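Report on the structure given below.
Protein chains in written order, with our numbering: chain A, 4 to 210; chain B, 4 to 210.
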């Protein structure tokens, strides 16, 4: 889990499918523990390759993400404490682009912003805030695109999920996670979870 | 805001586009205030016509939703305290169907569950839980469909958003809300909010 975003970005440049990382700005440990956890797990489940908790450290978030990756598989990069500006600058220096999700941005449905983002063919750093973000987030100094999932106030979790689902065109939901100890087998009517024996694919017992 | 779900359901039967209501089960006032608020606002912003906080009353959720509707427009039905079983039974008695969102359900991307839901052409009650739900939620006594937004643990907020975005095929993000006092005009680089004068469409001053 300690792989730097630098190494991840280099690795992705050799592949076709751009990678997405999610930067969570403005986490407040007293208020946002659950929301930030939900944002991190949404990032993982909806196809992002990594999550960065900027500017602050929160061991509880780290513990939860590590536990989910341990049980349900990865890889999934997690880092915390890095200043947001450093993340953004390094990301752009490596050739990546930055998408800021905000209710004020271009409406993903009524504009061509998603097409323009995808046309870049570059790795995407998605910034989601938990409180009113610095005005510079809207500027080209920080973001390449400001995107709104509808122009109504709702939830950064919802916005992130819809953005990722549209960016990956639904394929992120077909992904198999590596080294998963637990796998859910979809059911119409019940719960079916398989525990993998020695993390071997195909070998498991139902629990 | 006091219109009953019964009246809403009748109204919808005269129109083509099925309506969606969201039932939030398992809200715990101490723990879930923010998450439940996010679920309610996500429901509204992603095209649902109403939100039901089942089994428990929480004036803070009510106040937040009412404030958002007052400022950003509606209509949006809100009710709280109704026992979930009553909501489900009445919904089904009026000809509606019930979709339970759960990590264990049919994967929305790899199965045809969404096509089957839409083929029903009926109003949909989406149940989202905040904690481990009663096992009966999976049975045909309660749900017509169990749907997973990928079979990974993440967030009910994210699941709800993706479900609604796919159900309404993105059109929910083009919707104009009635009696909105505030309207965001999408921007590439800044924040632009218009305050409507006397709630007249087209008449407003930028704030």
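Ideal placement from N, C-alpha and C gives every residue a C-beta, glycine not left out. Note that the structure is a prediction, hence the values are computed from the model and not measured.
- prompt: Of all the options 42(B), 131(B), 156(B), 158(B), which has the alpha carbon lying nearest to the alpha carbon of residue 146(B)?
  reply: 131(B)
- prompt: Where do the N-terminal and C-terminal ends of the beta strand (DSSP E) with residue 80(A) fall, by residue?
  reply: 80-83
task: Have a look at 135(B), 104(B), 169(B), 153(B) and flag the residue whose alpha-carbon is nearest the alpha-carbon of residue 176(A).
output: 153(B)
query: So what does residue 27(B) bridge to, in DSSP terms?
result: 56(B), 131(B)
query: What in chain A is Cβ-close to residue 107(B), meaning under 9 angstroms?
result: 187, 188, 189, 190, 193, 194, 195, 196
message: Using the three-state DSSP reduction, which class does residue 44(A) fall into: helix, strand or coil?
response: helix
message: Taking CB distances under 8 angstroms as the criterion, tell me whether residue 75(B) reaches chain A.
response: yes
query: Among 33(A), 170(A), 91(A), 23(A), which residue has its Cα nearest to the Cα of residue 142(A)?
result: 91(A)
Under 8 angstroms by beta carbon: chain A residues contacting residue 71(B): 156
message: Please report the straight-line C-alpha distance between residue 178(B) and residue 61(A), rounded to a whole angstrom.
response: 38 angstroms
message: Just to check my reading of the structure: residue 157(B) and residue 44(A) have Cβ atoms closer than 8 angstroms, yes? What is that Cβ distance to the nearest angstrom?
response: 4 angstroms
- prompt: In the DSSP assignment, what residue or residues form a beta bridge with residue 103(A)?
  reply: 130(A), 149(A)
Any 3 or more C-beta pairs closer than 8 angstroms across the segment 83-90 of chain B and the segment 110-121 of chain B: no
message: Is the separation between the beta-carbon of residue 102(B) and that of residue 120(B) shorter than 8 angstroms?
response: yes
message: Just to confirm the assignment, what range does the alpha helix (DSSP H) spanning residue 165(A) have?
response: 159-170
task: With DSSP as the reference, please indicate the residues paired to residue 187(B) in a beta bridge.
output: 196(B)
message: residue 190(A) and residue 84(B) - do their beta-carbons sit closer together than 8 angstroms?
response: no
task: Give the secondary structure of residue 92(A) by DSSP, where H, G and I count as helix, E and B as strand, and everything else as coil.
output: helix
query: Taking DSSP as the reference, what is the three-state secondary structure of residue 13(A)?
result: For residue 13(A), the predicted model reports a pLDDT of 47, less than 50, meaning its position is unreliable and no value from the coordinates is stated.
Near-chain A residues of the segment 38-64 of chain B (beta-carbon distance less than 8 angstroms), N- to C-terminal order: 38, 41, 42, 44, 45, 47, 48, 49
Inter-residue spacing [alpha-carbon to alpha-carbon] between residue 185(B) and residue 194(B): 13 angstroms
query: For residue 6(A), does the three-state DSSP call read helix, strand or coil?
result: Its pLDDT being 49, under 50, residue 6(A) is placed unreliably in this model, and the coordinates cannot settle the point.
query: What whole-angstrom Cβ distance do residue 129(B) and residue 79(B) have, given they're in contact under 8 angstroms?
result: With a Cβ gap of about 15 angstroms, residue 129(B) and residue 79(B) do not count as contacting.
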